[in-house]
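Numbering (the UniProt record's numbering) for the first sequence: 1 to 771.
Think of the CB as a built atom: it goes at the ideal place given N, C-alpha and C, for glycine as much as any other residue.
All values reported here derive from a predicted model rather than from experimental measurement.
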Amino acid sequence: MSDPFDLSSFQPAPPAPPPSTPPAPPPWLEGLNPEQRQAVETTDGPLLVLSGAGTGKTRVLTTRLAYLLHQRLARPWEIMAVTFTNRAAREMRERVGELIGPPAEQLWLGTFHALGARLLRRHAELVDLKSNFTILDADDQLRLLKQLMQAANLDPKRSPPPALMGCIQRWKDRGLTPEAVPTSDRGAMDGFAHRLYGPYQERLKTLNTCDFGDLLLHCLTVFKSHPEEALQPYQQRLRYILVDEYQDTNVAQYLWLRLLAQGHRNLCCVGDDDQSIYSWRGAEVGNILRFEQDFPGANVIRLERNYRSTPRILAAASELIANNRDRLGKTLKSGHAPQSASQGDDDALGERLRVRAVWDGEEEARVVAEDLIAHQRDGGRLSDAAILVRTGAQTREFEERLMTTGLPYRVVGGPRFYERLEIRDAVAYLRLIAQADDDMAFERIVNKPRRGIGDATLKTLHQLARAGGLSLSAAATEVLGSDELKPRAAKALDGFLQQIAGWREVAAETPPGELMSRVLKESGLIDMWRADPDPQAPGRVDNLRELCTALEDFESLETFLEHVSLVMENEEAALGDRVTLMTLHGAKGLEFELVFLAGWEEELFPHRRALDQEGLKGLEEERRLAYVGLTRARRRVTISHAANRRLFSQWQSCLPSRFLDELPDAHVVREGAKGLSGGRAGSFGGGSGLGWDGPSWARPKPDRHIERPTPTPPATRPAAPDGEAAFSPGQRVFHDKFGYGTVTRAEGGKLDIQFEKGGAKKVMARFVVAA
DNA sequence: ATCGATCGATTTTTT
DNA sequence: ATCGATCGAT
């Protein structure tokens, strides 16, 4: 394994790479269209590639990398390719590898954060860190901030820690250290954010830790304060820099790139302003909009030929996004079908987009499931379909439905493996073993499982640590030498320290996976979860096992811990044929044959918060999100909106999203839901408690024309027979929510049912049908 | 030190 | 509905 940042192996490069006879053009240039090819072959100077959805962006990037190497314009370690996500980095490395083989390994290729981290480790001492600094995740960040707030006597009610944290992070995104925060910004959050920012940074340094923002922010500091030592070598070395998803870069990333690119000025940024959906996280669309001013003499190439979606989908997406003002302007053209297709030729244009009105979220999920079953019956694969939602919470109803229907699915971007409670605890053990002064880890696990080390003991340790400038571990050793603790607590603490010390020795001669299983067993963590009656506990035990397996792939504890901090995801288990369920944000960069876009309702999408906080800018970003959603689909788009939705514990009636009005009628077919007004209303059993006064979408609204739903009874739930159907034990039944089950007891209108998924339940007979 | 109950606030997106 | 924080009892 070579470390691209290892300057020790760096020999002053020949002034220019030998411009020997340029090799013949390689075969992989052949398949490119003229614009793509131009984007690959324009190697000199700043270049902006505006790449619309589905126009072969990744292909251009990877081919460009291969081209640079093939033409001997640079050696692998003289090229940096930066991505936004780990997924993109992985994919790029794979695909470049396919083109050029092993040299791909030596490219500086990774996410901003990964590259930033590796760079920073080389120069950590310049910002008062040690090169083995740890990387804090969101959870630890927040805990730390809360501690500081407590020390400063700030009321977490009046100033919510997450909001304060967000504020600090946005400063970091803009490349602002505490001193550099402009006075106009210092009043934010009643001034508390700025008041805490400095101490927060101090604390991080004491702990020899960085948060995510620091990985870039500290780089900038280092670049500026020690250019000759920590910047120029890189500037000279990096002949070419490529950036993916440039529209998502924040100011800090922009500055970082600009500094590194100053040597050779061969900066190639690829992006799409229409897909900028991360402004809330500090991303600056301005970066891409300003590119030509920032880098005078820049070339701009537009990729507009879309090879992914049908003409109808492209037309719909284009018309929708045309409602945005701040854009560089691109028009997606269909890349395949030569325009020979005559206007009325439906086949050539592809299917119309379907817009479907449903009663509520449950029905929404049900119809999607029905469509999926039909799709399967037609020989389609589930893995060709995706359900895209605006917020993570929306996945739940779909999960329930898919589970009861027996359709395999996967949730992308759900609670991630390394973020799970039990995993974080287990990893904290490893962290403490690897680094005794990892106080965050120490605090996290010192009393987990319970070993009688409570708040009182911890408080003593904190005091001592602060007074003596010690880590908690060191303070613990100190305190045991004194008699400050009660014997009982002292004994427990001593036992804990000894255990950790013991594992530390084991770690030296044992592979990480084995170490982990020993720790889990000997610490009692595993037993703790085994003994937990919580229904989720067994799953946690499984996760811990999986963790041990995952650890087998790592050489050392250190490499694993770096992986955990930066990658945060576990290799996905072999998937099989599953439908994908995820948020719109998570879907960027992916494509599917069939796409279901759920929850297109005002307040939810566009999301109310986006509108409240950012006004028009927020709306435009939501619209870009819609654009991203539409352009994920190759063949078929199905949009749904519910008339009612439960938002926290309350029912709310919803209006269809304004985005629906922005889709061209010519390419859309609007459907009412099956059985909406017929069977459904009755199934609420005269429950007028909902205060429903008719489907909101049916209320007259001048510029909307949504058909009234046809009163067809729902396919999966025939109305229950009026004279209470006679169910008897042993009978197989179907319940709308719980799926299939067997009756174990029947008494009047009430049944006991053993469901195949979800266990035993008591259910009113009218809610089930014979299966 | 630990546990349980109660109360209140909180809901976007995540490298 | 779910999560945290807080408080009082054991």
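Span of the alpha helix (DSSP H), counted from its first residue to its last, around residue i
{"i": "R401", "result": "395 to 405"}
{"i": "residue 773", "result": "Lying outside 1 to 771, the shown extent of the chain, residue 773 is not represented and no answer is given."}
{"i": "T559", "result": "557 to 566"}
{"i": "A138", "result": "138 to 151"}
{"i": "Y254", "result": "251 to 261"}
{"i": "W280", "result": "Unbroken run through W280: none, as it is neither H nor E."}
{"i": "E546", "result": "537 to 551"}
{"i": "E41", "result": "34 to 41"}
{"i": "D173", "result": "161 to 173"}
{"i": "P233", "result": "232 to 237"}
Counted within 10 angstroms of its Cβ, other Cβ atoms place residue i as buried (16 or more) or exposed
{"i": "V768", "result": "buried"}
{"i": "N208", "result": "buried"}
{"i": "G682", "result": "In this prediction, G682 scores a pLDDT of 31, lower than 50, which makes its location untrustworthy; the coordinate-derived value is nonetheless stated afterwards. That one is exposed."}
{"i": "T55", "result": "buried"}
{"i": "S640", "result": "buried"}
{"i": "A180", "result": "exposed"}
{"i": "T111", "result": "buried"}
{"i": "G730", "result": "exposed"}
{"i": "H218", "result": "buried"}
{"i": "D190", "result": "exposed"}
{"i": "N153", "result": "exposed"}
{"i": "R174", "result": "buried"}
{"i": "K701", "result": "Because K701 sits at a pLDDT of 33, beneath the cut-off of 50, its placement in the model cannot be relied upon, and the following sentence gives the value as read from the coordinates. Exposed, by the Cβ-count rule."}
{"i": "G615", "result": "exposed"}
{"i": "P606", "result": "buried"}
{"i": "E552", "result": "exposed"}
{"i": "R646", "result": "exposed"}
{"i": "F648", "result": "exposed"}
{"i": "L690", "result": "Reliability of the predicted coordinates at L690 is poor, the pLDDT of 31 falling under 50, and no value is obtained from them."}
{"i": "G468", "result": "exposed"}
Beta-carbon separation (whole angstroms), residue i vs residue j, contact threshold 8 Å
{"i": "V368", "j": "T583", "result": "V368 to T583, Cβ: 16 Å. No contact."}
{"i": "D438", "j": "L525", "result": "17 Å between Cβ atoms; not a contact."}
{"i": "L430", "j": "M516", "result": "7 Å"}
{"i": "L145", "j": "P161", "result": "5 Å"}
{"i": "G45", "j": "N299", "result": "7 Å"}
{"i": "Y197", "j": "W171", "result": "7 Å"}
{"i": "I277", "j": "R624", "result": "5 Å"}
Nearest neighbour of residue i, chosen from the options [CA to CA]
{"i": "V96", "options": "Y67, V49, L115, Q652", "result": "Y67"}
{"i": "Q650", "options": "I288, L289, D360, R118", "result": "D360"}
{"i": "A357", "options": "V733, V669, R732, G31", "result": "V669"}
{"i": "G350", "options": "H667, Q36, Y429", "result": "H667"}
{"i": "Q71", "options": "E35, P27, W108, N299", "result": "P27"}
{"i": "K588", "options": "K57, G45, P46", "result": "K57"}
{"i": "M80", "options": "C268, D752, E362", "result": "C268"}
{"i": "T83", "options": "V567, L594, L611", "result": "V567"}
{"i": "L353", "options": "A193, I313, T391", "result": "I313"}
{"i": "M440", "options": "K205, F592, V300, E362", "result": "K205"}
{"i": "T638", "options": "E422, V411, I387, R121", "result": "I387"}
{"i": "A39", "options": "L303, E319, E662", "result": "L303"}
{"i": "Y627", "options": "A492, A771, F398, N324", "result": "N324"}
{"i": "A633", "options": "D214, E400, M149, D384", "result": "D384"}
{"i": "F133", "options": "A598, E562, T477", "result": "E562"}
{"i": "L109", "options": "F734, T62, A476", "result": "T62"}
{"i": "E593", "options": "L604, V49, T580, E602", "result": "T580"}
{"i": "N306", "options": "T631, Q147, Y418, P178", "result": "T631"}
{"i": "S131", "options": "D140, P512, R121", "result": "R121"}
Residue i - containing beta strand (DSSP E), residue span
{"i": "M582", "result": "579 to 583"}
{"i": "A385", "result": "385 to 389"}
{"i": "S51", "result": "47 to 51"}
{"i": "R530", "result": "Premise fails: R530 lies in the alpha helix (DSSP H), 525 to 531, not in any beta strand (DSSP E)."}
{"i": "I241", "result": "240 to 243"}
{"i": "A357", "result": "353 to 360"}
{"i": "G267", "result": "Strictly speaking, residue 267 in this sequence is Leu, with Gly absent from that position. First-last of the beta strand (DSSP E) with L267: 267 to 271."}
{"i": "A770", "result": "768 to 770"}
Jot down the residue ranges of each uninterrupted alpha helix (DSSP H) in the segment 463 to 513, minimum 4 residues, whole runs only, in chain order.
The alpha helix (DSSP H) runs of length 4 or more contained entirely in the segment 463 to 513 are, from start to end of the chain, 472 to 481, 487 to 509.
At 3 residues or longer, what runs of the beta strand (DSSP E) sit wholly inside the segment 70 to 116?
With a minimum length of 3 residues, the continuous beta strand (DSSP E) runs that stay inside the segment 70 to 116 are 79 to 83, 108 to 111.
At what residue ranges does the segment 595 to 681 contain a whole run of the alpha helix (DSSP H), taking only runs of 4 or more?
Listed in chain order, they are 608 to 630, 658 to 661.
Which runs of the alpha helix (DSSP H) at least 4 residues long sit entirely within the segment 401 to 441? Give them in chain order.
Taken in chain order, the complete alpha helix (DSSP H) segments of 4 or more residues contained in the segment 401 to 441 are 421 to 434.
Contiguous beta strand (DSSP E) assignments of at least 3 residues, all confined to the segment 283 to 326
Counting only runs that start and end inside the segment 283 to 326, the beta strand (DSSP E) elements of at least 3 residues fall at 299 to 303.
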